[in-house]
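Residue numbers (the numbering used here), protein chains in the order written: chain A, 1 to 305; chain B, 306 to 755; chain C, 756 to 1067.
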Amino acid sequence: MSLQSAKRRRTLSTRNRPLWMLGPGLVLMALVIIIPLGLALYMSLLDLDQYTLRSWLQAPFIGLQNYVEAVTASPLLRSIWISVSYAVVVSLVTLPVGVAAALATQNRFKGRALVRSVFLIPYILPAFVVGTVWRTMMQQGGVIDSALGSAGVHTGLWLNGPQSYWTLIIVQAWSSWPFFYLLVLAGLQSVDSEVHEAAALDGAGWWIKLRYVIFPYLRGPIALALIISLLHNINSFTLPFVMFGVPAPQDVQVLSVLTYVTSFQSFRFGLSAAMAVASLIIVAIPLFVYLRAVRLDTGEEGKRA
Amino acid sequence: MRVRPTLAAIAGIAVLGLALQGCTGSSSNTSSTGGAVNGAGKTLDVLVAANTLYPDAQKQWFSDVSAQFQKETGATVKFETFATTNDELTKIQTAVVSGQGPDIYNLGTTFTPTAYSTGAFVTMTDDDWNKVGGRDRFVPATLGISGPDDNDQIGIPFASRPFVMAYNKDLLAAAGIDKPATTWDGLAQQAQKLTSGDTYGLAVAYADSFDPWKFIWGMSIQAGNPIIDGKTARIDDPVTEKAYQSYFGWLTTQHAVDPASVSWKNAQAVAAFAAGKAAFLPMTSATSKVTLDKSAVAGHYAYALLPTIPPGQTSLPSGGKAATSIISGDNTVVAKYSQNQDLDFALIKMLTSADNQTDYYKRFGELPTNQEAATALETGNADLAPILDSSAQSVGTPFSGAWGDTQLALVNVVVQSIPSLSSGSVSDSDLETQLKAAQATSQASLDKAK
Amino acid sequence: MTQSVLAPPAIAAATPRVGSPARVSVRRNDDVTRLLPRPLLVVIIVVLLAVVLIPVLYIFFASVNSDTGVASGQFFPTEFHLDNYLLIWNTVDLGTGLVNSVIVCGAVAVVCAFVAVGSAYVLVRFVFRGRATYLRALLGLQSIPGTLMLLPVFVLFASVGTALGVPIIGTRGALFVTYLTFALPFSTWVMVTYLRGLPRELEEAARIDGASSWRILTRIVVPLSWPGIVVSAIFAFLLGWNDVLFASVLTNSDTRTAAVALQVFGATQEGGAIPLYGQMMAASLVCALPVVVLYLVFQRYLVGGLTAGGVK
Chain A
1 MSLQSAKRRR TLSTRNRPLW MLGPGLVLMA LVIIIPLGLA LYMSLLDLDQ YTLRSWLQAP
61 FIGLQNYVEA VTASPLLRSI WISVSYAVVV SLVTLPVGVA AALATQNRFK GRALVRSVFL
121 IPYILPAFVV GTVWRTMMQQ GGVIDSALGS AGVHTGLWLN GPQSYWTLII VQAWSSWPFF
181 YLLVLAGLQS VDSEVHEAAA LDGAGWWIKL RYVIFPYLRG PIALALIISL LHNINSFTLP
241 FVMFGVPAPQ DVQVLSVLTY VTSFQSFRFG LSAAMAVASL IIVAIPLFVY LRAVRLDTGE
301 EGKRA
Chain B
306 MRVRPTLAAI AGIAVLGLAL QGCTGSSSNT SSTGGAVNGA GKTLDVLVAA NTLYPDAQKQ
366 WFSDVSAQFQ KETGATVKFE TFATTNDELT KIQTAVVSGQ GPDIYNLGTT FTPTAYSTGA
426 FVTMTDDDWN KVGGRDRFVP ATLGISGPDD NDQIGIPFAS RPFVMAYNKD LLAAAGIDKP
486 ATTWDGLAQQ AQKLTSGDTY GLAVAYADSF DPWKFIWGMS IQAGNPIIDG KTARIDDPVT
546 EKAYQSYFGW LTTQHAVDPA SVSWKNAQAV AAFAAGKAAF LPMTSATSKV TLDKSAVAGH
606 YAYALLPTIP PGQTSLPSGG KAATSIISGD NTVVAKYSQN QDLDFALIKM LTSADNQTDY
666 YKRFGELPTN QEAATALETG NADLAPILDS SAQSVGTPFS GAWGDTQLAL VNVVVQSIPS
726 LSSGSVSDSD LETQLKAAQA TSQASLDKAK
Chain C
756 MTQSVLAPPA IAAATPRVGS PARVSVRRND DVTRLLPRPL LVVIIVVLLA VVLIPVLYIF
816 FASVNSDTGV ASGQFFPTEF HLDNYLLIWN TVDLGTGLVN SVIVCGAVAV VCAFVAVGSA
876 YVLVRFVFRG RATYLRALLG LQSIPGTLML LPVFVLFASV GTALGVPIIG TRGALFVTYL
936 TFALPFSTWV MVTYLRGLPR ELEEAARIDG ASSWRILTRI VVPLSWPGIV VSAIFAFLLG
996 WNDVLFASVL TNSDTRTAAV ALQVFGATQE GGAIPLYGQM MAASLVCALP VVVLYLVFQR
1056 YLVGGLTAGG VK
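What follows is the structure, given as structure tokens:
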């Protein structure tokens, strides 16, 4: 590519920019995301409840009191712990499953297309369907209990008590492992066939090859998948909400459900907004790492030329 | 050059938005004149609970009401339904925030305090009461949860669903019990006696979102603790602890309840009773009649009042109230923003008339709040007597904006105790920890109440 | 922004499909790319197929079983109630729900994809101040918890409605605008990654011929990016289809989406007699079907597209 054409391109890209095309998106995002976000921050500073909601603009301004109450006198900290630990556990459980599935379907075999489609199903099913179905399966005396019972295993309640935490993890893991599978599969396809051939010539065993030749290629996709999966699980609302209802057993009162209940059952809107802002801060940590890691300009001039 | 397409794009989206808005029907906003209400050409929006037992009958009722109202005033009625508590609360909120939505809300009685605390609904003046036919037309007990006091009411009683218990006559006769006990302790003993094999004395829905607090509140108020006492929450009161202990005790001490019921909702308890697997079904209403009359126990069961003597007592302690039930049913409230308030009242007047109330009972099994209709019903139906009795002896739950939270806290104690309940015992220390938490929640909510 | 199936930005890279690594030789050793010993591979596949398929089969079996059969833990049905699939149209009000979902999500998908392609075109082909911020925001905005946005959006719509004297809450329009906006960051990111993979030569030639940006976008960029547009439209569609949180607050009984209809049906089952498990499962299956079909039909784009873009 000649120097001249590169120069011309640059001038083109700074002149006659049809910036208006960004307009509709910008307007919508400003109206429906940015303004409400500001509103949420403002509400978290108000004494906003059922008594003051009617003229909410006049609700008393109470500074950081909602935050103080959220931290000292509400189940917020416990909910944060539940959400974060559950998100981490689910991500760590689904990671090896997804990797194994991707490795297993990397090569052509008869029926591979079908297997790949089937593997996607848990990920495709809407969370409200997954929740409804698993709730039915895991109810007392339901199909899971009777299957385990006939194998001589008697577990306690799945939908109540401490075990419900693991129920949530099992179901969330069931529905989200294909995500790792997808990303790892994509990563695997970027491995050149020469690499495979070189490894074959060396006569390396499959584990050695995986460990030292293939896995280095997957480090990027897996790290990315981990972060996204964390973000995803921390924000997860539909599944716990549909599976456990409200009031939720305290072992599965995740952050999103707590925020929802505080607002739409207890009518403590200000407190709820403070909790929601807290969850934003929790999410911001992995998000920050993610934004640092993503190269915004991949594929731009430098790389393509 | 650059501006126009942007505007075009936005306009396009706006047009699409309007097109999508489509069928949401809103009420027209002409005001009515005094005297006979003329509502020609107007439409009232009414929000009611979806009737899951008789969905088809409810649709029929909607169109019949609208037709009758059109004949009387020229206006039509459009009904909207909500299906869950969540939905109900959201609708109240929408009304509060936006000043838009249905003209008339038909709310569960226990939501009346919440609705009242928002200040978004019409406080009934004497004049308003006259427009709906006068306060005197209602069964006095049903007015008990219309507002904090007689001069400050928003709720117009529409339907009554007092709680009673159903019992299996055959099982009781076989065990030589001639009539259900009137004390909770007596009931527990009878239940224990009635338990054998896979038949249990009581069918209880421990995992229900509502049933548990009704038991606890009932036993507590019978022992003199209204749970909310002015500005003080009293969930940590010994009589309330006693109430929980005996509620759990049916399973852990008397073993008179199916162990599976730790995960039952109300529906499963009804089903167990309907299958003849339980002798008593406490905390049920006349609406269960439909299910039961189609079931294996049809003709073999009867209703009785729930016990009114609190656990551990043989007679009503001083300060106790012999409450048979919460004031249960529906209250109608009118939104302040409604542009057609006279028309709203005219509709409520029509719906609470003796004829319409009797008709409503015949369709849905919900008792009239209209005194004349209630009296007429009593004379004709002996088997309804306990239910009508219960209606008269119902006591309203505390009229406080904090009641919603308190109710949730009472249920939450049971929800969090279910694992230990399932393993056979709830220790006093665990229970006390839970009660303390519930007490704190309720008190915090009360402190915020205005 | 949403919780459920919103796919990650990385999937965005719907760049033209790069197939499996090319076969270098026709010799028997095309096995060199195999990563796992055959027995292990078979075990993994069989186990995972079972893990996935057993619950899926259960949905179908339970949907035709008797309610007591489901409650007592049967896997294989003992009775066949195919009529559950007819009953749900009345009991769940699934018809209204599906119509609403299709209308709202369909409109969101179409509008979103085209708004996204315009924005992405500017972001990829032009340099301007705030561009990097905009790109970052596209990623960041997707991670905002939905529960944070719910109340403010609700209050905002309610207040705007009052100011204009038009009801907004409870309309399909409110839902449309909400889903459209929340789908935009992701859809735009999809298009950004897609457009980066397109050659610029055609656009430049057109530019030299004096074509306007609008003309280049509509005549050259859009026709070339159909695969990317399809992907971003599908994700926008799914975002709306799977949402329960916003729909449960912003709709009324006429404008309820399928997701809410099912959730409400499940909730009301607590009040009647024995829960209608069969109908609940049948309704679940019907609600899931359109989504599954969409995915499987466009699987090639969705999965194949992963190989080139953001993952590397």
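We put the beta carbon where it would ideally sit given N, CA and C, even for glycine.
* Asked: Should V1052 of chain C be labelled buried (16 or more other beta-carbon atoms within 10 Å of its own) or exposed?
  -> On the third sequence, position 297 is the one that residue 1052 of chain C refers to. Counting the other Cβ atoms within 10 Å of the Cβ of V1052 of chain C gives fewer than 16, which makes it exposed.
* **Cβ contact check for the stretch 704-721 of chain B and the stretch 742-755 of chain B: 3 or more pairs under 8 Å** => Segments in contact, yes.
* To do: Return no unless some Cβ of chain A is closer than 8 Å to the Cβ of F835 of chain C.
  => Counted from its first residue, the third sequence places residue 835 of chain C at position 80. Under the Cβ criterion of 8 Å, F835 of chain C is not counted among the residues facing chain A.
* Asked: If you check the beta carbons only, do F669 of chain B and A372 of chain B fall under 8 Å apart?
  -> Here residue 669 of chain B is taken as the residue at index 364 of the second sequence, counted from 1. Here residue 372 of chain B is taken as the residue at index 67 of the second sequence, counted from 1. Cβ distance not < 8 Å, so F669 of chain B and A372 of chain B don't count as in contact.
* Asked: Where does the unbroken beta strand (DSSP E) through V215 of chain A begin, and where does it stop?
  -> Here residue 215 of chain A is taken as the residue at index 215 of the first sequence, counted from 1. A quick correction: the sequence has Phe, not Val, at residue 215 of chain A. Premise fails: F215 of chain A lies in the alpha helix (DSSP H), 215-234, not in any beta strand (DSSP E).
* Select from the stretch 1028-1049 of chain C all residues with a C-beta closer than 9 Å to any C-beta belonging to chain A, and list them in chain order. => Residues passing the 9 Å Cβ filter: P1030, Y1032, M1035, M1036, A1038, S1039, L1040, C1042, A1043, V1046, V1047, L1049.
* Asked: With T629 of chain B and T657 of chain B assumed to form a contact (beta carbons below 8 Å), what rounded beta-carbon distance in angstroms separates them?
  -> The count along the second sequence starts at 1 and reaches residue 629 of chain B at position 324. The count along the second sequence starts at 1 and reaches residue 657 of chain B at position 352. Your pair T629 of chain B and T657 of chain B does not check out as a contact, with CB atoms roughly 23 Å apart and the cut at 8 Å.
* Identify every run of the alpha helix (DSSP H) within the stretch 241-280 of chain A, keeping only runs that are complete inside it and at least 4 residues long; order them along the chain. => List check, alpha helix (DSSP H) in window: 255-264.
* Do the stretch 639-649 of chain B and the stretch 400-410 of chain B touch if we need at least three Cβ pairs shorter than 8 Å? -> With a cut-off of 8 Å, the stretch 400-410 of chain B and the stretch 639-649 of chain B count as touching, because enough Cβ pairs lie within range.
* Just the C-alpha distance for S85 of chain A and A127 of chain A, rounded to the nearest angstrom, thanks. => Working through the first sequence from its first residue, we reach residue 85 of chain A at position 85. Working through the first sequence from its first residue, we reach residue 127 of chain A at position 127. Those two C-alpha atoms are separated by around 20 Å.
* **Opposing strand residues paired with M470 of chain B [DSSP bridges]** => In the second sequence, residue 470 of chain B corresponds to position 165, counting from 1. Answer by DSSP bridge pairing, in chain order: B:A609.
* **Where Y410 of chain B falls: helix, strand or coil (DSSP)** => For the purposes of this step, residue 410 of chain B is taken as residue 105 along the second sequence, with counting starting at 1. Strand, per DSSP.
* To do: Look up C328 of chain B in the DSSP assignment and say whether it is helix, strand or coil.
  => Translated into positions along the second sequence, residue 328 of chain B becomes position 23. No answer about C328 of chain B holds up, because its pLDDT of 37 lies below 50 and its placement is not dependable.
* Asked: Helix or strand or just coil, what does DSSP make of M588 of chain B?
  -> On the second sequence, position 283 is the one that residue 588 of chain B refers to. Correct three-state label for M588 of chain B: strand.
* **Residue span of the beta strand (DSSP E) that contains T637 of chain B, given as start and end** => The residue you call residue 637 of chain B lines up with position 332 of the second sequence. Per DSSP, the unbroken beta strand (DSSP E) holding T637 of chain B starts and ends at 634-639.
* To do: Measure the CB-CB distance between I121 of chain A and V811 of chain C and report whether it falls below 8 Å.
  => Along the first sequence, read from residue 1 onward, the residue named residue 121 of chain A stands at position 121. Along the third sequence, read from residue 1 onward, the residue named residue 811 of chain C stands at position 56. With respect to the 8 Å criterion, I121 of chain A and V811 of chain C are classified as neighbours on the basis of their beta carbons.
* To do: Give the straight-line distance between the Cα atoms of E737 of chain B and E546 of chain B, rounded to the nearest whole angstrom.
  => Within the second sequence, residue 737 of chain B is the residue found at index 432, counting from 1. Within the second sequence, residue 546 of chain B is the residue found at index 241, counting from 1. Taking the straight line joining both Cα atoms gives about 8 Å.
* Is the Cβ of S898 of chain C closer than 8 Å to any Cβ of chain A? -> Within the third sequence, numbered from 1, the residue matching residue 898 of chain C stands at position 143. Cβ-Cβ to chain A under 8 Å: yes for S898 of chain C.
* Asked: So is R466 of chain B buried or exposed if we call it buried at 16+ other beta carbons inside 10 Å?
  -> Indexing the second sequence from 1 puts residue 466 of chain B at position 161. Of the residues assessed, R466 of chain B falls on the buried side of the cut-off, its CB having 16 or more other CB atoms within 10 angstroms.
* Neighbourhood of P485 of chain B by C-beta, 6 Å cutoff - its chain only, sequence neighbours within 5 removed -> The count along the second sequence starts at 1 and reaches residue 485 of chain B at position 180. Cβ within range, chain order: Y472, A609.
* Asked: Cβ of A754 of chain B within 8 Å of Cβ of G685 of chain B?
  -> Position 449 of the second sequence, counting from 1, holds the residue named residue 754 of chain B. Position 380 of the second sequence, counting from 1, holds the residue named residue 685 of chain B. It is not a contact, given that the beta carbons lie outside the stated cut-off.
* Sort B:G535, B:P616, B:P691, B:Q527 by Cα distance to K626 of chain B and report the nearest one. => In the second sequence, the residue the question calls residue 626 of chain B occupies position 321. The candidate whose alpha carbon is nearest that of K626 of chain B is B:Q527.
* Between the C-alpha atoms of V242 of chain A and S728 of chain B, what's the straight-line distance to the nearest angstrom? -> Against the first sequence, residue 242 of chain A aligns to sequence position 242. Against the second sequence, residue 728 of chain B aligns to sequence position 423. Roughly 25 Å separates the two Cα atoms.
* Asked: Could you give the distance in angstroms between the alpha-carbon of I228 of chain A and the alpha-carbon of L287 of chain A?
  -> By one-based count along the first sequence, residue 228 of chain A stands at place 228. By one-based count along the first sequence, residue 287 of chain A stands at place 287. If you take the alpha carbons of I228 of chain A and L287 of chain A, they lie about 8 Å apart.
* Note the first and the last residue of the continuous alpha helix (DSSP H) segment covering V595 of chain B. => Your numbering for residue 595 of chain B matches position 290 in the second sequence. V595 of chain B -> alpha helix (DSSP H) spans 593-598.
* Find the residues of chain C that neighbour V353 of chain B, judging by a C-beta separation of less than 8 Å, and give them in chain order. => Residue 353 of chain B sits at position 48 when you count from the first residue of the second sequence. Correct list: empty, because the minimum Cβ distance to chain C is about 10 Å.
* Answer with yes or no whether the minimum CB distance from N160 of chain A to chain B is below 8 Å. => Locating residue 160 of chain A in the first sequence gives position 160, where the first residue counts as 1. When Cβ-Cβ separations below 8 Å define contact, N160 of chain A makes contact with chain B.
* Asked: By how many angstroms is the C-alpha of F992 of chain C removed from the C-alpha of G861 of chain C?
  -> Along the third sequence, read from residue 1 onward, the residue named residue 861 of chain C stands at position 106. Along the third sequence, read from residue 1 onward, the residue named residue 992 of chain C stands at position 237. Going from the Cα of G861 of chain C to the Cα of F992 of chain C covers about 6 Å.
* Asked: When you compare each of C:G828, C:V819, C:L841 to F835 of chain C by their alpha carbons, which one comes out closest?
  -> Translated into the one-based positions of the third sequence, residue 835 of chain C becomes position 80. Closest by alpha carbon: C:V819.
* 8 Å CB neighbourhood of S63 of chain A in its chain, flanking five on each side removed -> The count along the first sequence starts at 1 and reaches residue 63 of chain A at position 63. In the sequence under discussion, the amino acid at residue 63 of chain A is Gly, which differs from the Ser named in the question. These residues qualify, in order along the chain: L45.
* E959 of chain C in three-state terms, based on DSSP -> To locate residue 959 of chain C, count along the third sequence from 1; it is residue 204. Three-state DSSP puts E959 of chain C in a helix.
* Asked: By DSSP, does D649 of chain B sit in helix, in strand, or in coil?
  -> Residue numbering aside, residue 649 of chain B sits at position 344 when the second sequence is read from its first letter. Taken through DSSP and simplified to helix, strand or coil, D649 of chain B comes out as helix.
* Asked: Hey, out of B:A380, B:I461, B:L689, whose CA is closest to P418 of chain B's CA?
  -> Within the second sequence, residue 418 of chain B is the residue found at index 113, counting from 1. In this structure, B:I461 is the residue among B:A380, B:I461, B:L689 with its C-alpha nearest to the C-alpha of P418 of chain B.
* Using a Cβ-Cβ cut-off of 8 Å, state whether P247 of chain A counts as contacting chain B. => Along the first sequence, read from residue 1 onward, the residue named residue 247 of chain A stands at position 247. So, interface residue.
* **Distance, I170 of chain A Cα to F990 of chain C Cα** => As a first step, residue 990 of chain C is located in the third sequence; it is residue number 235 there, counting from the start. As a first step, residue 170 of chain A is located in the first sequence; it is residue number 170 there, counting from the start. Near 25 Å, if we compare the C-alpha coordinates of I170 of chain A and F990 of chain C.
* Per-residue DSSP class, three states only, for A354 of chain B -> The residue you call residue 354 of chain B lines up with position 49 of the second sequence. DSSP places A354 of chain B in the strand class (E or B) of the three-state scheme.
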